[in-house]
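Using the numbering used here, you'd call the opening residue of the sequence shown number 57 and step up by one each time.
Using N, Cα and C, we set each Cβ at its ideal position, and we do this for glycine too.
Here the structure is a predicted model, which means the values were calculated and not measured.
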Amino acid sequence: MEVEKALFEISRKQKMQTIPVDLPRENFWAAVRQLLYHLDTECSETIRKEGGQTTKSQLQSRRLNTLRTCINDTTRLRLNAFAQHAILSNLIKTQKISLGTSGTLHKIDWRRHDPAERKFYNGMIKFTEKYKMDVQWDGLLNGPDSVIEEVKTSTNHINLKEFNDEEETVYEEEVFPVKNLELNREWEEPEYDDEDRIREIEEFPYQVSHIPPKNELSKIKNSNESELKRIKIIKDLNDPIIAEDGTELLLNAGDIESCSALIADTLIAAGLAEPAPV
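The structure is reproduced here in structure tokens:
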């Protein structure tokens, strides 16, 4: 009952203030978790023994729901207060350093707050610093002359120049022997006998002239003609069709055209044409 009463009291105070309200003790939220676990167990036991429609079980369920609603509202208000305090304290600190002005803000006593809330607060400060760096906060307030470029330095090693107080000693570079490489060597044609040349001619008879014989041309032509399909257009086509050779064909109803099998099958499947064999 003491923890439950303290929770409602904190919720009431937090609704009226913008700064985080002190908790009764540091591990307050752990005590709230124990209270909820105890009430959950008690309510489940009552429902198991007496059923969920009894007055006792309904009162216990209502009590649990009220507590959880209060916890949700209180947490939302407290996190908003912590975030606002972290951002304001960071900005006021920067303003005091740059302008020499004095700013006052309520100081948080972390002995009266939960450790998880302190982690959240420190995280908000880090995000505020990152935001100020991304938008160049000092330049926005004091002009472009105050912007300092970020220099990435290693934090694990000390600069070697700090130890180099005396004049640097120049050492002669050690020359390693390099093998003499023949870079401009003339191309030597590999051995190529007549048998290899005859074998290539038999495998590729028209490789030299790049023009196939007449019988090969006729075979290629016949194969291309066999792939063509004759169709009759039964509906007008609004857009031209691009053939395989890149030409545009504008077909109307009643036209008879010989086109590739792929285009013919597509038009027939779309209901725009029908087969027209000779």
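ask   = Taking the alpha-carbon positions, what's the Ala332 to Leu305 distance?
value = As a working mapping, residue 332 is identified with position 276 in the sequence shown. As a working mapping, residue 305 is identified with position 249 in the sequence shown. C-alpha separation (whole angstroms): 18 Å.
task = Just confirm the distance between the C-beta atoms of Lys288 and Ile312, as a whole number of angstroms; I'd bet it's less than 8 Å.
result = Here residue 288 corresponds to residue number 232 of the sequence shown, with the count starting at 1. Here residue 312 corresponds to residue number 256 of the sequence shown, with the count starting at 1. So it is a contact: roughly 5 Å between Cβ atoms.
ask   = Count the other CB atoms within 10 Å of the CB of Gln263; is the residue buried (16 or more) or exposed (fewer)?
value = Taking the sequence shown and counting its residues from 1, one reaches residue 263 at position 207. Only weak support exists for where Gln263 lies, its pLDDT of 49 falling under 50; the value from the coordinates is given anyway. Under this definition Gln263 is an exposed residue.
Alpha-carbon to alpha-carbon, Leu120 and Arg104 = For the purposes of this step, residue 104 is identified with residue 48 of the sequence shown, where counting begins at 1. For the purposes of this step, residue 120 is identified with residue 64 of the sequence shown, where counting begins at 1. Looking at the two C-alpha atoms, the distance is approximately 17 Å.
query = From His141 to Val59, what does the alpha carbon distance come to, in whole angstroms?
reply = Here residue 141 is taken as the residue at index 85 of the sequence shown, counted from 1. Here residue 59 is taken as the residue at index 3 of the sequence shown, counted from 1. So the alpha carbons of these two residues sit roughly 26 Å apart.
ask   = Which term fits Gln116, buried or exposed, when burial requires 16 or more other beta carbons within 10 angstroms of its beta carbon?
value = Residue mapping note: residue 116 aligns to position 60 of the sequence shown, counting from 1. Buried, because 16 or more other Cβ atoms sit within 10 Å of the Cβ of Gln116.
task = In the DSSP assignment, find the unbroken beta strand (DSSP E) run with Glu313 in it and report its ends.
result = Numbered from its first residue, the sequence shown carries residue 313 at position 257. Start and end: 312-316.
key: Boundaries of the alpha helix (DSSP H) in which Glu173 is found, first to last residue   = Here the question's residue 173 lines up with position 117 in the sequence shown. Boundaries of the alpha helix (DSSP H) around Glu173: 171-190.
inquiry  = On the DSSP letters alone, give me the boundaries of the beta strand (DSSP E) that Arg286 sits inside.
reply    = Counting from 1 along the sequence shown, the entry for residue 286 is found at position 230. Per DSSP, Arg286 belongs to the beta strand (DSSP E) from 284-289.
key: Which residues DSSP lists as bridging Glu330, in chain order   = The residue given as residue 330 occupies position 274 in the sequence shown. Listed as beta-bridge partners of Glu330 by DSSP are Lys288.
ask   = If you drop the 5 nearest sequence neighbours on each side, which residues of the same chain put their C-beta closer than 8 Å to that of Met180?
value = Looking up residue 180 in the sequence shown gives position 124. Excluding positions up to five away in sequence, the list reads Phe138, Ala139, Ala142, Ile143.
key: First and last residue of the uninterrupted alpha helix (DSSP H) at Trp85   = For the purposes of this step, residue 85 is taken as residue 29 along the sequence shown, with counting starting at 1. 84-106 is the extent of the alpha helix (DSSP H) around Trp85.
message = On the DSSP letters alone, give me the boundaries of the alpha helix (DSSP H) that Lys69 sits inside.
response = Your numbering for residue 69 matches position 13 in the sequence shown. Taken as a continuous stretch (DSSP letters only), the alpha helix (DSSP H) holding Lys69 covers 58-70.
ask   = Thinking C-beta only, is Ile319 closer than 9 Å to Ala299?
value = The residue you call residue 299 lines up with position 243 of the sequence shown. The residue you call residue 319 lines up with position 263 of the sequence shown. It is a contact, given that the beta carbons lie within the stated cut-off.
task = Under 8 Å by Cβ, that's how I've got Arg118 and Pro76 pegged, so tell me the actual separation to the nearest angstrom.
result = Walking along the sequence shown from the start, residue 118 turns up at place 62. Walking along the sequence shown from the start, residue 76 turns up at place 20. Incorrect: roughly 29 Å between the Cβ atoms, too far for contact.
key: Reduced DSSP category for Glu300 - H, G, I as helix; E, B as strand; rest coil   = Taking the sequence shown and counting its residues from 1, the one referred to as residue 300 is at position 244. Coil, per DSSP.
message = For a quick check, are the C-beta atoms of Arg174 and Leu79 less than 9 Å apart?
response = Taking the first residue of the sequence shown as 1, we reach residue 174 at position 118. Taking the first residue of the sequence shown as 1, we reach residue 79 at position 23. For Arg174 and Leu79, no; Cβs fall outside 9 Å.
message = Let me check one thing: in DSSP terms, what residues is Leu305 bridge-paired to?
response = Residue numbering aside, residue 305 sits at position 249 when the sequence shown is read from its first letter. Paired residues: Ile297.
key: Alpha carbon of Gly107 to alpha carbon of Leu95, nearest angstrom   = As a first step, residue 107 must be located in the sequence shown, where it is residue number 51. As a first step, residue 95 must be located in the sequence shown, where it is residue number 39. About 16 Å.
ask   = For Asp194, which three-state DSSP category applies?
value = Here residue 194 corresponds to residue number 138 of the sequence shown, with the count starting at 1. Here Asp194 sits in helix by DSSP.
Contact under 9 Å by Cβ, Asp165 with Asn83 = Your numbering for residue 165 matches position 109 in the sequence shown. Your numbering for residue 83 matches position 27 in the sequence shown. Their beta carbons are not under 9 Å apart, which means Asp165 does not touch Asn83 by this criterion.
task = Could you give the DSSP three-state label for Asp250: helix, strand or coil?
result = Here residue 250 corresponds to residue number 194 of the sequence shown, with the count starting at 1. In this structure, Asp250 counts as helix in the three-state DSSP scheme.
request  = Return yes when the C-beta of Leu318 is under 8 Å from any heavy atom of the ligand MG, and no when it is not.
outcome  = Absence of the ligand MG from the depicted structure is noted, as is the absence of any ligand whatsoever, leaving it without description.
inquiry  = Just to check my reading of the structure: Thr360 and Ile66 have Cβ atoms closer than 8 Å, yes? What is that Cβ distance to the nearest angstrom?
reply    = Here the chain has residues from 57 to 334 only, and residue 360 is not among them.
key: CB contact flag (Leu293, Leu328, <9 Å)   = By one-based count along the sequence shown, residue 293 stands at place 237. By one-based count along the sequence shown, residue 328 stands at place 272. Taking 9 Å as the Cβ cut-off, Leu293 and Leu328 qualify as a contacting pair.
request  = Indicate whether Arg124 and Leu92 have their beta-carbon atoms separated by less than 9 Å.
outcome  = Along the sequence shown, one-based indexing puts residue 124 at 68. Along the sequence shown, one-based indexing puts residue 92 at 36. Note that the C-beta distance between Arg124 and Leu92 is below 9 Å.
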